[in-house]
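Trainee: So the protein sequences, as listed, match chains A and B.
When the letters of the first sequence are read in order and numbered with this note's numbering, they come out as residues 30 to 140.
When the letters of the second sequence are read in order and numbered with this note's numbering, they come out as residues 41 to 150.
Just passing along the structure, written as structure tokens.
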Amino acid sequence: DAGVIQSPRHEVTEMGQEVTLRCKPISGHNSLFWYRQTMMRGLELLIYFNNNVPIDDSGMPEDRFSAKMPNASFSTLKIQPSEPRDSAVYFCASSNRYGYTFGSGTRLTVV
Amino acid sequence: DAKTTQPPSMDCAEGRAANLPCNHSTISGNEYVYWYRQIHSQGPQYIIHGLKNNETNEMASLIITEDRKSSTLILPHATLRDTAVYYCIVLQGGSEKLVFGKGTKLTVNP
């Protein structure tokens with residue numbers, strides 16, 4: 030089991046560009062979560078899916094952020110257009126009824 | 041809206057037991073107590089969870105008070121690699137959203 034796989038590990042982009050973060054959850058896990066972590070705000074839940082359906086997106090900061098889960102093995106978090114204040118580490122996690130597993134994160138820097 | 045209260049920081053000497061407290065006075069009867077930790081720049085890592093009985097695994101022990109309003113995570117022989125932020129979280133089960141508070145930053149000193 031390779032765990033939750035996120036890509037890329039690091040992303041540096043210019044303000045205004047579109048950014049797409051990717052996540053492959055653990056096979057058999059039925060829930061998927063996107064988190065953002067900054068020094069100021071800690072770990073924030075952005076959105077989560079259950080059986081590929083978005084359940085709670087109340088943490089998505091604004092319309093520039095969108096997330097999709099087209100199938101059980103893939104999810105994306107897109108920021109368009111990106112801004113410097115979006116710089117953070119973005120974590121994906123998946124879970125089943127036994128527990129949660131986090132990926133290694135994507136460190137996003139918007140300059 | 042984390043439902044737990046933890047001290048912001050603690051120190052522990054290497055080789056000694058680290059006891060991390062957590063208050064969760066509003067916990068419901070069907071809510072579990074979960075502990076996670078985050079080592080610098082890594083994703084949070086599951087440690088242990090329990091409902092009302094004390095639990096032990098290869099990483100740690102979890103002691104839950106009889107009224108379930110507080111718990112203590114015990115790392116029996118702390119090492120330098122245990123330096124991390126430790127999060128105590130209460131929730132109903134594995135498909136519910138995990139909400140992190142500020143946690144306790146544990147520093148293990150040589």
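Built from N, CA and C at the ideal position, the CB exists for glycine as well.
Everything numeric in this text was worked out from a predicted model, so none of it was measured.
So the candidates are Cys52/B, Asn59/B, Asn63/B; which of them puts its Cα closest to the Cα of Ile129/B?
Mentor: Comparing Cα-Cα distances from Ile129/B to each of Cys52/B, Asn59/B, Asn63/B, the minimum goes to Asn63/B.
Trainee: Quick one, are the C-beta atoms of Ala53/B and Asn149/B less than 8 angstroms apart?
Mentor: Against a cut-off of 8 angstroms, the Cβ pair of Asn149/B and Ala53/B comes out as a contact.
Trainee: To the nearest angstrom, report how far apart Ser111/B and Asn125/A are at their CA atoms.
Mentor: Their Cα atoms are separated by approximately 24 angstroms.
Trainee: How is the beta strand (DSSP E) around Ala53/B delimited, first residue to last?
Mentor: Note, Ala53/B: beta strand (DSSP E), 49 to 53.
Trainee: Of all the residues that make up the stretch 80 to 112 of chain B, which are near chain A by a beta-carbon distance shorter than 8 angstroms?
Mentor: Correct list: Ser81, Gln82, Gly83, Pro84, Gln85, Tyr86, His89.
Trainee: Using the beta-carbon of each residue, which ones in chain B are nearer than 7 angstroms to Glu61/A?
Mentor: Just to set this straight, residue 61/A is Leu in the shown sequence, not Glu. Under the 7 angstroms cutoff, chain B gives no residues; its nearest Cβ is about 10 angstroms from Leu61/A.
Trainee: Excluding the 5 residues preceding and the 5 following Glu47/A in the sequence, name in chain order all residues of the same chain whose CB lies nearer than 6 angstroms to its CB.
Mentor: Closer than 6 angstroms at Cβ, skipping near neighbours: Gln109.
Trainee: In three-state terms, what does DSSP make of Arg65/A?
Mentor: DSSP places Arg65/A in strand when its eight states are reduced to three.
Trainee: Can you tell me the Cβ-Cβ gap for Gly71/A and Phe140/B, rounded? I've got them flagged as a contact below 8 angstroms.
Mentor: Right, the Cβ-Cβ distance comes to about 6 angstroms (below 8 angstroms), so this counts as a contact.
Trainee: Using a cut-off of 7 angstroms between C-beta atoms, extract the partners of Val139/B located in chain A.
Mentor: Per Cβ cutoff of 7 angstroms: Leu74.
Trainee: Quick one: give me the first and last residue of the beta strand (DSSP E) that Met89/A is part of.
Mentor: Run containing Met89/A: none; DSSP gives neither H nor E here.
Trainee: Cβ of Lys142/B less than 8 angstroms from any chain A Cβ?
Mentor: Yes, Lys142/B lies at the interface with chain A (some Cβ there is under 8 angstroms from its Cβ).
Trainee: I'd like to know if Tyr119/A contacts chain B, where contact means its C-beta is closer than 8 angstroms to some C-beta of that chain.
Mentor: With 8 angstroms as the cut-off, Tyr119/A does not count as an interface residue toward chain B.
Trainee: Nearest by alpha-carbon distance to Thr141/A: which of Met89/A, Thr105/A, Arg65/A, Ser123/A is it?
Mentor: Past the edges of chain A, shown from 30 to 140, lies residue 141/A, and the structure says nothing about it.
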